[in-house]
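Note that full-length UniProt numbering numbers the sequence shown so that position 56 is 56, with each residue one more than the last.
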Amino acid sequence: MAKTKSAWSKPASEALRATKKTSLAEFNTRATPGFSGDSNQAAELLTERGAVFAALQEKLYANGRSGGNRSVLLVLQGMDTSGKGGIVRHVIRAADPSGIDHTSFGVPTEEEKRHHYLWRINRALPAAGQIGVFDRSHYEDVLVVRVHNLVPPEVWGARYDEINGFERDLVDGGTTVIKVALVISHDEQRDRLAERLDRPDKYWKFNPGDIDERKLWPAYQEAYQAVFDRTSTDYAPWYLVPADHKWFSRLAVTELLIGALEAMELDWPPADFDVEAEKKRLAQS
Ligand code: ADP
Numbered sequence: 001m002a003k004t005k006s007a008w009s010k011p012a013s014e015a016l017r018a019t020k021k022t023s024l025a026e027f028n029t030r031a032t033p034g035f036s037g038d039s040n041q042a043a044e045l046l047t048e049r050g051a052v053f054a055a056l057q058e059k060l061y062a063n064g065r066s067g068g069n070r071s072v073l074l075v076l077q078g079m080d081t082s083g084k085g086g087i088v089r090h091v092i093r094a095a096d097p098s099g100i101d102h103t104s105f106g107v108p109t110e111e112e113k114r115h116h117y118l119w120r121i122n123r124a125l126p127a128a129g130q131i132g133v134f135d136r137s138h139y140e141d142v143l144v145v146r147v148h149n150l151v152p153p154e155v156w157g158a159r160y161d162e163i164n165g166f167e168r169d170l171v172d173g174g175t176t177v178i179k180v181a182l183v184i185s186h187d188e189q190r191d192r193l194a195e196r197l198d199r200p201d202k203y204w205k206f207n208p209g210d211i212d213e214r215k216l217w218p219a220y221q222e223a224y225q226a227v228f229d230r231t232s233t234d235y236a237p238w239y240l241v242p243a244d245h246k247w248f249s250r251l252a253v254t255e256l257l258i259g260a261l262e263a264m265e266l267d268w269p270p271a272d273f274d275v276e277a278e279k280k281r282l283a284q285s
């Protein structure tokens, strides 16, 4: 804990939170806002703080099992190769899998296309006591959909307010919503795609379509900027996490999760049985 305090000058939630001034065009994707440590320190902290996250997650799970209504939804967005999968593998894995509800959202299936875009999102929301992790999310419906004109502008244009209302209801129902944008630079993406093409063990991660999407980088930047401008709310703010350094983005997301869970101020659920009587019964058994 002492090390963490010295390495973070302010909580990650403060250092990374989107503000009215947030400008993606001016965003430094190699910076480590609020954190003065280096990669070695970050790796050490990731282990230490991962254990803190796991303990808090267990408490959330216990509360859910005992009738509590709280849950967490971690929304992960970012351009291809930004490290969304790595967050799941390196951050979320610290927790007990039975308390994690992970969903990846790809191109909508035929069935999903027949429904409202929030239909598949609703079905994947975390139950009480769970941490839901969305690898992509309803935000694709104002990102890829906007960039590729998959629906007319008036249709996607109405979605920002709709998403805000949807998230308001989620929060009112006991879910803490943490929205993370993993922000990489255009150059960093090229290097990561090149690595996938250089290493046979990474071919499976390469999708030729990623290069087509890369060509649309400016349009995506614009679409992301609109997301931050229009859907970063008091109740469900966006956090912009510089992600050129994976060691930073993973540590930062760990801190965001810890902050959110601590803010819930959960206690261990009290026994719903007579502890002393059970001890006596056990002794006699
Ligand atoms: P990833 O690229 O994240 O590893 P996939 O290969 O499954 O995973 O790709 C997901 C793709 O699905 C992305 O290109 C994304 O833009 C697309 N997608 C996600 N949601 C939607 C949506 N609502 N409409 C159209 N495309 C979507």
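No residue lacks a Cβ here, since even glycine has one placed at the ideal position from N, Cα and C.
Quiz item: Would you report the Cα separation of residue 263 and residue 256, rounded to the nearest angstrom?
Solution: The alpha-carbon separation between residue 263 and residue 256 amounts to approximately 11 Å.
Exercise. Could you tell me the distance, in whole angstroms, from the CA atom of residue 157 to the CA atom of residue 223?
Key: Going from the Cα of residue 157 to the Cα of residue 223 covers about 11 Å.
Quiz item: Hey, how far is the Cα of residue 103 from the Cα of residue 285?
Solution: Spanning the two alpha carbons is a distance of roughly 45 Å.
Quiz item: Is the stretch 41-61 close to the stretch 148-157, with three or more CB pairs under 8 Å?
Solution: Segments in contact, no.
Practice problem: Give the secondary structure of residue 279 by DSSP, where H, G and I count as helix, E and B as strand, and everything else as coil. | Solution: In the structure shown, residue 279 adopts helical secondary structure according to DSSP, grouped into three states.
Quiz item: Beta-carbon separation of residue 131 and residue 101 under 8 Å?
Solution: Their beta carbons are under 8 Å apart, which means residue 131 touches residue 101 by this criterion.
Quiz item: Which one of 165, 166, 141 has the shortest CA to CA distance from residue 154?
Solution: It is 141 whose Cα lies nearest to the Cα of residue 154.
Exercise. Starting from residue 53, trace the alpha helix (DSSP H) both ways and give me its first and last residue.
Key: Its alpha helix (DSSP H) spans residues 39-65.
Quiz item: Does the pairing of the stretch 264-280 with the stretch 243-254 give three or more beta-carbon distances under 8 Å?
Solution: In short, these stretches do not touch, since the Cβ pair count stays below three.
Quiz item: Does any heavy atom of the ligand ADP sit closer than 7 Å to the C-beta of residue 104?
Solution: Judged by the Cβ position, residue 104 qualifies as a neighbour of the ligand ADP at the 7 Å threshold, a heavy atom of the ligand being closer than this.
Self-check item: Those runs of the beta strand (DSSP E) which lie wholly inside the stretch 127-213 and span at least 3 residues
Solution: Within the stretch 127-213, the runs of beta strand (DSSP E) that reach at least 3 residues and sit entirely inside it are, in chain order, 131-135, 175-183.
Quiz prompt | Pairwise C-alpha distance: residue 96 and residue 1 | solution = For residue 1, the predicted model reports a pLDDT of 49, less than 50, meaning its position is unreliable; a value from the coordinates is still stated below. When rounded, the distance between both Cα atoms is 22 Å.
Quiz prompt | C-beta atoms of residue 260 and residue 72 nearer than 8 Å | solution = In this structure, residue 72 lies closer than 8 Å to residue 260 by Cβ.
Self-check item: Where the alpha helix (DSSP H) through residue 251 begins and ends
Solution: It spans 246-263 - the alpha helix (DSSP H) in which residue 251 sits, taken as one unbroken run.
Quiz item: Looking only at C-alpha atoms, which of 272, 277, 237 sits nearest to residue 76?
Solution: Nearest option by C-alpha distance: 237.
Exercise. Inspect the CB distances between the stretch 77-86 and the stretch 174-190 and report whether three or more fall short of 8 Å.
Key: Enough Cβ pairs lie closer than 8 Å, so yes.
Quiz item: What does DSSP give as the partner residues of residue 9 in its beta bridges?
Solution: For residue 9, which the question treats as bridged, DSSP gives no partner whatsoever.
Practice problem: Tell me where the alpha helix (DSSP H) around residue 92 begins and ends. | Solution: Here residue 92 belongs to no alpha helix (DSSP H), and DSSP marks it neither H nor E.
Quiz prompt | CA-to-CA distance, residue 127 to residue 176, given in whole angstroms | solution = Between the alpha carbons of residue 176 and residue 127 lies a gap of roughly 12 Å.
Self-check item: residue 229 to residue 20 span [Cα, whole Å]
Solution: When rounded, the distance between both Cα atoms is 7 Å.
Practice problem: For the alpha helix (DSSP H) holding residue 231, just list the boundary residues, first then last. | Solution: Start and end: 217-231.
Quiz item: Helix, strand or coil: which one does DSSP assign to residue 68?
Solution: If DSSP states are grouped into helix, strand and coil, residue 68 belongs with coil.
Quiz item: Which term fits residue 242, buried or exposed, when burial requires 16 or more other beta carbons within 10 angstroms of its beta carbon?
Solution: Residue 242 is buried by the Cβ-count criterion.
Quiz item: Alpha carbon to alpha carbon, how far is residue 134 from residue 190?
Solution: Rounded to the nearest angstrom, the two C-alpha atoms are 25 Å apart.
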